[in-house]
């Protein structure tokens with residue numbers, strides 16, 4: 366971020382999701398459907414009563430695909446960051462990104478095959494961490510506009526995890542214990558503080574390496 370960060374849903378594109386009758390519904394946003402001239406649409410229904418995830422997808426206006434995934438087939442929810450730098454500038458730490466497009470991708474990982482099933486991506490304007498120094502050097506704006514893609518994607522992922530009854534990522538026993546203790550770690554690439562149960566940094570996408578404690 367710069368000096369002031371302003372967050373709004375107007376600066377992001379992601380699925381609309383809601384709870385109804387104990388089920389979690391999500392659908393491609395109207396804006397994205399309009400951008401594709403309504404050729405693409407996806408709807409995902411998580412039904413805890415039936416222990417199943419149903420995925421309905423339409424491609425190229427006339428190609429339809431339906432998929433039914435029982436909860437028992439799902440190992441975990443995969444949640445990863447794939448942002449793209451949009452502008453760069455000089456900071457006291459060297460050349461760094463001053464603006465970015467954030468992309469948070471949500472997938473289901475199947476238990477036996479390890480196949481990743483795409484659900485949705487949350488895309489939006491990101492806020493780069495340049496601080497006051499970036500503003501004083503003239504490489505970043507004083508006010509950073511940011512979408513709510515990170516909060517929205519995290520809320521959706523946490524709902525998926527809770528309703529399906531699977532973890533986010535593949536935490537081993539020591540990671541689960543660390544999470545219960547509320548431990549945090551820092552990304553070696555960008556220095557951001559993140560939860561120890563993350564396999565990849567949500568800010569730069571780097572793999573997170575943490576040495577287990579005895």
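Numbering (the working numbering), first residue to last: 366 to 579. Quick reminder that beta carbons are idealized off the backbone N, C-alpha and C, glycines included.
Requested in this report: Keeping to the same chain, check which residues put their C-beta closer than 7 Å to that of residue 528; ignore five residues upstream and five downstream.
Outcome: So the list reads 389, 411 and 413, once near-sequence residues are dropped.
Requested in this report: Report the three-state DSSP secondary structure of residue 511 (helix, strand or coil).
Outcome: DSSP places residue 511 within a strand segment (E or B) once states are collapsed to three.
Query raised in the report: Can you tell which of 395, 445 and 391 has the C-alpha that lies nearest to the C-alpha of residue 590?
Result: Given a span of 366 to 579 for the chain in the structure shown, any question on residue 590 remains unanswerable.
Report task. Compute the Euclidean distance between the alpha carbons of residue 366 and residue 518, then round it to the nearest angstrom. Result -> Any reading at residue 366 is ruled out, since the residue's pLDDT is 41, under 50, leaving its predicted position unreliable.
Query raised in the report: Which value, in whole angstroms, describes the spacing of the CA atoms of residue 406 and residue 424?
Result: Those two C-alpha atoms are separated by around 7 Å.
Query raised in the report: Shortest alpha-carbon distance to residue 474 belongs to which of 404, 386, 384 and 531?
Result: Distance check between residue 474 and each of 404, 386, 384 and 531 places 531 closest, using alpha-carbon atoms only.
**Report entry** For residue 482: DSSP bridge partner residues
**Finding:** In the DSSP output, where bridge partners are listed per residue, residue 482 has 473.
Query raised in the report: Exposed or buried, residue 485, counting other C-beta atoms within 10 Å across all chains shown (16 or more means buried)?
Result: Residue burial is scored here from C-beta neighbours: residue 485 has at least 16 other C-beta atoms within 10 angstroms and is therefore classed as buried.
Report task. Under the assumption that residue 394 contacts residue 379 (Cβ atoms under 8 Å), give the Cβ distance between them as a whole number of angstroms. Result -> At roughly 6 Å, the Cβ-Cβ gap stays under 8 Å, so residue 394 and residue 379 are in contact.
Query raised in the report: Between 417, 470, 384 and 404, which lies nearest to residue 566 when the distance is taken from Cα to Cα?
Result: Nearest of 417, 470, 384 and 404 to residue 566, Cα basis: 470.
Report task. Measuring alpha carbon to alpha carbon, tell me which of 558, 520, 552 and 550 ends up nearest residue 444. Result -> Per the Cα distances, 520.
Report task. Measure the Cβ-Cβ separation of residue 476 and residue 440 and say whether it is below 9 Å. Result -> In contact: residue 476 and residue 440 (Cβ atoms closer than 9 Å).
Requested in this report: Evaluate residue 490 with the Cβ neighbour count: other Cβ atoms within 10 Å of its Cβ, from every protein chain shown; 16 or more gives buried, anything less gives exposed.
Outcome: The residue is buried, with at least 16 neighbouring Cβ atoms inside 10 Å.
Query raised in the report: Sorted by chain position, which residues of the same chain lie with C-beta nearer than 8 Å to residue 384's C-beta, five sequence neighbours on each side aside?
Result: Sequence-distant Cβ neighbours of residue 384 in its own chain, meaning closer than 8 Å and more than five residues away, are 390 and 524.
Query raised in the report: Whose CA, out of 514, 510, 431 and 515, lies closest to the CA of residue 482?
Result: Looking only at 514, 510, 431 and 515, the smallest Cα-Cα distance to residue 482 is reached by 431.
**Report entry** Which residues DSSP lists as bridging residue 383, in chain order
**Finding:** Note: residue 383 sits in a beta bridge opposite 390.
**Report entry** Cβ pair residue 442, residue 472 closer than 9 Å
**Finding:** Going by C-beta atoms, residue 442 is nearer than 9 Å to residue 472.
Requested in this report: Decide if residue 487 is buried, meaning its Cβ has at least 16 other Cβ atoms within 10 Å, or exposed.
Outcome: Around the beta carbon of residue 487, 16 or more other beta carbons sit within 10 angstroms, so the residue counts as buried.
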